[in-house]
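Q:
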Amino acid sequence: MYCFHFNILSITFTHYFTPGFIIHDQNTRQVHAYRSEAAHLKIKLFSIRCYGPHLWNKLPGERIKLPTVGLFKSNLKNFLLDKGINH
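Quick look at the structure:
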């Protein structure tokens, strides 16, 4: 999701995830959140295309805005470890 968000992925994945402002132009709180694709089968529900936007939208904003992939990965790892220990 990080690479998609910052347009680092190849052109093949251009329409893989959909941000809210593509769906409608109303100024809502979640206008920049990614929308997940509808899943009719349980196995598809846990695919990156359906579950990826859900997980990405749960991340705090300061983690998403990190300038490099390496910094994002290490920060995300620390975030997940802290969240796992605290909960």
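Take 0 as the starting number for the sequence shown in numbering that gives the first Met the number 0 and just add one per residue. Backbone N, C-alpha and C fix where the C-beta goes; we use that ideal spot for every residue, glycine too. Computed from a predicted structure; not experimentally measured.
1. Using the Cα positions of residue 40 and residue 49, report the straight-line distance between them to the nearest angstrom.
2. Could you give the DSSP three-state label for residue 13: helix, strand or coil?
3. Taking the alpha helix (DSSP H) that residue 45 belongs to, which residues open and close that run?
4. When burial is assigned at 16 or more other CB atoms within 10 Å of the CB, is residue 9 buried or exposed?
5. Since residue 61 is in the alpha helix (DSSP H), which residue starts that stretch and which ends it?
6. Would you mind giving the Cβ-Cβ distance between residue 33 and residue 11, rounded to the nearest angstrom? I have them listed as a contact below 8 Å.
7. Using the Cα positions of residue 61 and residue 45, report the straight-line distance between them to the nearest angstrom.
8. Count the other CB atoms, across all protein chains shown, that sit within 10 Å of the CB of residue 59; report buried if there are 16 or more and exposed otherwise.
9. Is DSSP giving residue 18 helix, strand or coil here?
A: Reading it off the structure:
1. 11 Å
2. coil
3. Note, residue 45: premise wrong, no alpha helix (DSSP H); not H, not E.
4. exposed
5. 60-63
6. Between residue 11 and residue 33 the Cβ distance is about 18 Å, and since that is not below 8 Å, they are no contact.
7. 26 Å
8. exposed
9. strand
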